[in-house]
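Comments concern the structure below.
Numbering (this note's numbering), first residue to last: 1 to 177.
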């Protein structure tokens with residue numbers, strides 16, 4: 001009898017620890033698919049960047065917002081410093097974020113950085129820095145892209161606080177956080 005009770009207890013404990021299935025959530029240890037990125041499907045020419053997850057590329061000029069595009073590299077100390085603010089922004093669920101891993105040694109380094117820093121949003125891969133020609137500047141840089149696909153604001157350099165990031169989203173993208 002004790003054996004049966006122990007088995008039932010263990011089964012209930014294990015069942016209570018399992019997470020519910022959610023198709024929209026990203027599995028731990030996986031890079032988010034770029035299929036969720038909002039784009040103008042008509043725009044087919046421009047700067048195409050592959051997705052860090054290995055999926056199809058995205059035409060940067062086709063991005064539609066409101067969306068925050070954060071350009072980073074695992075080798076960039078200010079990028080590492082600001083990443084918790086972007087994680088907090090993503091956790092609100094009120095704004096889309098797209099990451100751009102720029103001038104990385106290899107895809108594996110970008111994936112490792114993204115997973116270890118809790119980046120639960122789509123990430124594009126720009127190994128040769130083509131986005132510099134499109135939007136200018138190096139890293140870190142954050143672009144605020146409106147519904148028309150226009151850059152409403154470009155924050156060059158480190159985003160120094162969660163408050164600054166959230167205030168810029170409110171101001172330039174008119175998103176209530």
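All C-beta atoms in this analysis are idealised placements derived from N, C-alpha and C, irrespective of residue type, glycine included.
How many Å lie between residue 104 and residue 92 at the Cα? By one-based count along the chain shown, residue 104 stands at place 104. By one-based count along the chain shown, residue 92 stands at place 92. Each residue's alpha carbon lies about 28 Å from the other.
Beta-carbon gap between residue 145 and residue 67 smaller than 8 Å: Against the chain shown, residue 145 aligns to sequence position 145. Against the chain shown, residue 67 aligns to sequence position 67. Against a cut-off of 8 Å, the Cβ pair of residue 67 and residue 145 comes out as a contact.
Taking the straight line between their C-alpha atoms, what separation do you get for residue 101 and residue 74? Against the chain shown, residue 101 aligns to sequence position 101. Against the chain shown, residue 74 aligns to sequence position 74. Their backbone Cα atoms lie some 8 Å apart in a straight line.
Based on the DSSP secondary-structure assignment, which residues constitute the bridge partners of residue 141? Locating residue 141 in the chain shown gives position 141, where the first residue counts as 1. Paired residue(s): 71 and 156.
Just the C-alpha distance for residue 154 and residue 143, rounded to the nearest angstrom, thanks. Counted from its first residue, the chain shown places residue 154 at position 154. Counted from its first residue, the chain shown places residue 143 at position 143. Those two C-alpha atoms are separated by around 5 Å.
Name the DSSP beta bridge partners of residue 185, please? A query on residue 185 cannot be resolved here, the shown segment of the chain reaching from 1 to 177 and no further.
Look at residue 49 and residue 57 and say whether their C-beta atoms are less than 8 Å apart. In the chain shown, counting from the first residue as 1, residue 49 sits at position 49. In the chain shown, counting from the first residue as 1, residue 57 sits at position 57. Closer than 8 Å, so yes.
If residue 122 and residue 51 are in contact, beta carbons under 8 Å, what's the gap, nearest whole angstrom? Within the chain shown, residue 122 is the residue found at index 122, counting from 1. Within the chain shown, residue 51 is the residue found at index 51, counting from 1. Confirmed, about 7 Å.
If contacts are defined as beta-carbon pairs under 8 Å, then residue 78 and residue 165 qualify, I think. What distance do you get, rounded to the angstrom? The sequence position of residue 78 within the chain shown is 78, counting from 1. The sequence position of residue 165 within the chain shown is 165, counting from 1. Contact flag wrong, Cβ pair sits at about 13 Å.
Taking the alpha carbon of residue 80 as the point to measure from, which residue in 94, 95 and 99 has its own alpha carbon closest? Looking up residue 80 in the chain shown gives position 80. When only C-alpha atoms are compared, the closest one is 99.
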